[in-house]
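Asker: Residue numbers (our numbering): 142 to 535. After the structure tokens below, expect a handful of questions from me.
Structure follows, in structure tokens:
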């Protein structure tokens, strides 16, 4: 082979190698781009059910751009059930009632497989309610609250994680229900717990002061708010409120005796009470809690109305544990509920005026940095929608 032919052959090999490298790099880039966009398809969006003519639509909403996408039409599912699309858009989860068994269970659909539906928590007999569904960023773990009833007919709420890959249900924390004051067969008053036990229970859930055992009512029970997943998926926050089932008319403490915000660190499943409502003695309680997008603050609903109305939005700095009000109670914005995390430390929320009702509620956005509040009407099929029972996607 001559020197010229050898040089030409070497150039040909180099050119072929270069073409192969370019093709491999291009394919890798396309795969990475596809995986990234697919994984983060609905990051920063909200998801939930809205009413349809015969049932519900499961949708995803971008409150910033006002984009709305219908994922499923569910004619047999009432809009007061719970539904959520996974952040990557691959799975849809929603609750359904089994009237014969008297339970609520979960359906999960793989949206890439036609007519693929798998049931979870449906092999239960007795009372079971499942609500507050939220997907973790890994798209395979589902956060939920479950209520069951024991042999003594006492109900119990628990926060759990369902892994849809291995079908395992992980129990994180339980509430409880306790008997208070009752009557014996001969109509004598009977106390099912001591004053000391009552004091410890109220202190455990962050109550600033106790009450006499005589005023405890026949039942005590704990109720959780919808738990919220941190943007990185490593922590969960929620509120837990200790209730009694009856109170004297005019009692400022009302039905709740303690109300606090709790955090679960999923690295070691540790549980910590991080903030307690010191206004509970004056009739205040804490509702839904959500994260800021930077993970440094929590925004929560603090209300005074016995039906959950008359509430403001407060912001808790996780470093200083200082609280400030970001949406106060006014005539126009009397009940400011359902805060949800949006990008750039924006918070979506629903507001109802003092003379209004849920039917004429409005959507708003508040920015944690500037404090500015603006209307945020979102329409789907030419109708305004209100995002009740929605959840964040990270």
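Even for Gly, the Cβ is constructed at its ideal location relative to N, Cα and C.
Can you say whether residue 462 is buried or exposed, counting buried as having 16 or more other CB atoms within 10 angstroms of its CB?
Answerer: By the neighbour-count rule (16 or more Cβ atoms within 10 Å), residue 462 is not buried but exposed.
Asker: Considering just the uninterrupted stretch of the alpha helix (DSSP H) at residue 337, what are its terminal residues?
Answerer: Unbroken alpha helix (DSSP H) run through residue 337: 336-345.
Asker: For residue 219, does the count of other Cβ atoms within 10 angstroms reach 16, so buried, or fall short, so exposed?
Answerer: Per the 10 Å Cβ criterion, exposed.
Asker: In terms of alpha-carbon separation, which member of 195, 191 and 205 lies closest to residue 133?
Answerer: Residue coverage of the chain in this structure runs from 142 to 535, which leaves residue 133 outside it and unanswerable.
Asker: For residue 389, I'd like the list of residues in its chain whose CB is within less than 8 Å of its CB, leaving aside the five on either flank, ordered along the chain.
Answerer: These residues qualify, in order along the chain: 356.
Asker: Given 8 Å as the limit, is there contact between the region 253-268 and the region 211-218, that is, 3 or more CB pairs closer than that?
Answerer: In short, these stretches do not touch, since the Cβ pair count stays below three.
Asker: Taking residue 491 as the reference, give the member of 485, 499 and 227 with the closest Cα.
Answerer: That would be 499, whose Cα lies nearest to the Cα of residue 491.
Asker: Residue ranges of each beta strand (DSSP E) run of no fewer than 3 residues wholly in the region 274-357, ordered along the chain?
Answerer: DSSP runs (the beta strand (DSSP E)) wholly in the region 274-357: 282-290, 296-304, 310-315, 318-320, 322-324 and 330-332.
Asker: Taking the alpha-carbon positions, what's the residue 488 to residue 323 distance?
Answerer: Rounded to whole angstroms, residue 488 to residue 323 spans 45 Å at the Cα level.
Asker: How far does the beta strand (DSSP E) with residue 237 in it reach, from first residue to last?
Answerer: Residue 237 -> beta strand (DSSP E) spans 232-239.
Asker: Where does residue 421 sit, in a helix, a strand or coil, going by DSSP?
Answerer: Correct three-state label for residue 421: helix.
Asker: For the structure I just gave you, are there three or more beta carbon pairs, one from the region 503-511 and one from the region 232-249, closer than 8 Å?
Answerer: The region 503-511 is not in contact with the region 232-249.
Asker: Keeping to the same chain, check which residues put their C-beta closer than 7 Å to that of residue 271; ignore five residues upstream and five downstream.
Answerer: Cβ neighbours of residue 271 beyond the five flanking positions: 236, 245, 246, 247, 262, 285 and 287.
Asker: Are the beta-carbon atoms of residue 384 and residue 414 separated by less than 8 Å?
Answerer: No.
Asker: Taking the beta carbon of residue 524 as the centre, do at least 16 other beta carbons fall within 10 Å, making it buried, or is it exposed?
Answerer: Result: exposed.
Asker: Does the region 434-451 come into contact with the region 470-479, if we say contact requires no fewer than three beta-carbon pairs (one atom in each stretch) closer than 8 Å?
Answerer: Yes, the region 434-451 is in contact with the region 470-479.
Asker: In three-state DSSP terms, what is residue 368?
Answerer: Coil at residue 368, not helix or strand.
Asker: Contact between the region 326-346 and the region 227-243: three or more CB pairs below 8 Å?
Answerer: With a cut-off of 8 Å, the region 227-243 and the region 326-346 do not count as touching, because too few Cβ pairs lie within range.
Asker: Under the rule that 16 or more other beta-carbon atoms within 10 Å means buried, what is residue 282, buried or exposed?
Answerer: So residue 282 ends up on the buried side.
Asker: Tell me residue 521's beta-bridge partners as DSSP assigns them.
Answerer: Note: residue 521 sits in a beta bridge opposite 524.
Asker: Going by DSSP in three states, residue 216 sits in which element: helix, strand or coil?
Answerer: Correct three-state label for residue 216: coil.
Asker: Strictly by DSSP, which residues pair up with residue 477?
Answerer: Looking at the DSSP assignment, residue 477 forms a beta bridge with 492.
Asker: Beta strand (DSSP E) containing residue 502: first to last residue?
Answerer: Premise fails: residue 502 is in no beta strand (DSSP E) and is neither H nor E.
Asker: Any idea which residues DSSP pairs residue 514 with across the strands?
Answerer: DSSP lists 507 as partners of residue 514.
Asker: What would DSSP say about residue 469, mapped onto helix, strand or coil?
Answerer: If DSSP states are grouped into helix, strand and coil, residue 469 belongs with coil.
Asker: Going along the chain, which residues of its own chain have a beta-carbon closer than 7 Å to the beta-carbon of residue 395, five neighbours each way excluded?
Answerer: So the list reads 388, 424 and 447, once near-sequence residues are dropped.
Asker: Please name the residue in 471, 438 and 398 whose C-alpha comes closest to that of residue 486.
Answerer: Of the listed residues, the one whose Cα sits closest to residue 486 is 438.
Asker: Per DSSP, what kind of secondary structure is residue 486 in: helix, strand or coil?
Answerer: In the structure shown, residue 486 sits in a helix (DSSP, three-state: H, G or I).
Asker: Could you please give the first and the last residue of the uninterrupted beta strand (DSSP E) stretch that includes residue 432?
Answerer: 426-432 is the span of the beta strand (DSSP E), which, as asked, contains residue 432.
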